[in-house]
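Report on the following structure.
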């Protein structure tokens, strides 16, 4: 009895670029999670402008809004995306390129 060739085979019908899209989404989510966890620590180390004009010692503040500690959001934004970019470089170039020896968006069907 001859079998039919119209059976659904997921490997042949699933578009291969979606695996790259899923991998990108996972790496992007992990990179943003790492940056989200590191930014408060970095903000305490270098991000605050401490003018030493007024220091709040209790819940009652005698400081004006311009005298309180403020974070430099522009600097933190650059640091955030630098962390995300560092994770991408680490994953795609170092881990995937050198350790796993998988080409980035390479053709799987070339011999």
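Numbering (the working numbering), first residue to last: 601 to 711.
Every residue gets a Cβ at the ideal spot worked out from N, C-alpha and C, and that includes glycine.
Being a predicted model, the structure only gives us computed values, none of them experimental.
Just confirm the distance between the C-beta atoms of residue i and residue j, as a whole number of angstroms; I'd bet it's less than 8 Å.
i: residue 688; j: residue 631; result: 6 Å
i: residue 634; j: residue 683; result: 6 Å
i: residue 616; j: residue 643; result: That belief does not hold up - the Cβ atoms of residue 616 and residue 643 are roughly 41 Å apart, past 8 Å.
i: residue 622; j: residue 676; result: Not quite, the Cβ-Cβ distance comes to about 30 Å (not below 8 Å), so this is no contact.
i: residue 691; j: residue 627; result: 5 Å
Residue range of the alpha helix (DSSP H) that residue i falls in?
i: residue 657; result: That residue, residue 657, is in no alpha helix (DSSP H); it is neither H nor E in DSSP.
i: residue 674; result: 673-689
i: residue 698; result: No alpha helix (DSSP H) contains residue 698, which DSSP labels as neither H nor E.
i: residue 640; result: 617-642
Does the Cβ of residue i have 16 or more other Cβ atoms within 10 Å, making it buried, or fewer, making it exposed?
i: residue 629; result: exposed
i: residue 710; result: With a pLDDT of 48 at residue 710, under the threshold of 50, the predicted position of this residue should be treated as unreliable, though the coordinate-derived value follows. Exposed: under 16 other Cβ atoms inside 10 Å.
Please report whether the beta-carbon of residue i lies at a distance below 8 Å from any beta-carbon of chain B.
i: residue 687; result: Among the chains in the structure shown there is no chain B, since it carries only a single protein chain.
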